[in-house]
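To start, the structure itself, in structure tokens.
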Amino acid sequence: MYLKHGSPVKMMESYIAVLTKGICQSEENGSFLSKDFDVRKAYLAGSIKDIVSQFGMETVILHTALMLKKRIVVYHPKIEVVQEFTRTLPALVWHRQDWTILHSYVHLDADELEALQLCTGYIAGFVDSEVSNRADLYDVFVNLAESEITIPTSDRKLSVPPSSSRANAENLTVRMVSLRTRSPTNYV
1 MYLKHGSPVK
11 MMESYIAVLT
21 KGICQSEENG
31 SFLSKDFDVR
41 KAYLAGSIKD
51 IVSQFGMETV
61 ILHTALMLKK
71 RIVVYHPKIE
81 VVQEFTRTLP
91 ALVWHRQDWT
101 ILHSYVHLDA
111 DELEALQLCT
121 GYIAGFVDSE
131 VSNRADLYDV
141 FVNLAESEIT
151 IPTSDRKLSV
161 PPSSSRANAE
171 NLTVRMVSLR
181 TRSPTNYV
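Under UniProt numbering, think of the first position of the sequence shown as 1, with each following residue one higher.
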């Protein structure tokens, strides 16, 4: 559309039409109806199998944190990695169908942090390594670059189970993966 008209105005008109009317029509692309697209499918960017293969039994910590509506901060220097991982995490609690907890790219600026801290539980992605020093922002810190999950508080509900419970945790992890790796259309 921009190539044809040479102006961003036409593109903006189409964008506003989708936001206000839910439809956009153009000669080149035909009609776009926003109701034909399930926004939840956009969040299914990654694979739970990848999370489990990276973190193993510690995936239970992430699952538990999500179930308890804790604050999860994810760090990696590459935005693509952060976004794929954060967009996959809500699938661990698929039954909730709550994508409002997802803040896949947050900056360490006062306005964004203030808005984030108004949320009770969230998944927030950062590319600034300084976030690791901001324990006030998280209950669980995921350092994707180092494949580490850190719990800064002594919250027993989130800690890795003792060795006597490890077999149960491993079974839960395997079960979670088998249940969550079905085709996304089975859940939508």
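Think of the CB as a built atom: it goes at the ideal place given N, C-alpha and C, for glycine as much as any other residue.
A quick note: this is a predicted structure, and the numbers were derived from the prediction, not measured.
By the 16-neighbour rule on beta-carbons within 10 angstroms, LYS70 is buried. Taken atom to atom, the span from the alpha-carbon of THR100 to that of LYS4 is near 37 Å. About 11 Å separates the beta carbons of HIS107 and GLY125, which is beyond the 8 Å limit, so they are not a contact pair. Using a Cβ-Cβ distance cut-off of 8 Å, the stretch 88-99 and the stretch 47-55 are in contact, since at least three pairs of beta carbons, one from each stretch, lie closer than that value. For HIS63, the CB contacts under 6 Å within the same chain, skipping 5 residues up- and downstream, are LEU92 in chain order. When C-alpha distances from VAL127 are compared across SER34, ASP38, VAL81 and GLU58, the shortest belongs to VAL81. A straight-line Cα-Cα distance of about 15 Å links ALA145 and VAL52. In the three-state DSSP reduction, GLU146 falls in the coil class, being neither helix nor strand. Checking the DSSP bridge columns, you'll see PHE32 partnered with CYS24.
Per DSSP, reduced to three states, the secondary structure at LEU89 is helical.
Comparing C-alpha distances from LEU118 to each of VAL131, LEU137, TYR105 and ASN133 shows the shortest one belongs to LEU137. With a 10 Å radius around the Cβ and a threshold of 16 neighbouring Cβ atoms, HIS95 comes out exposed.
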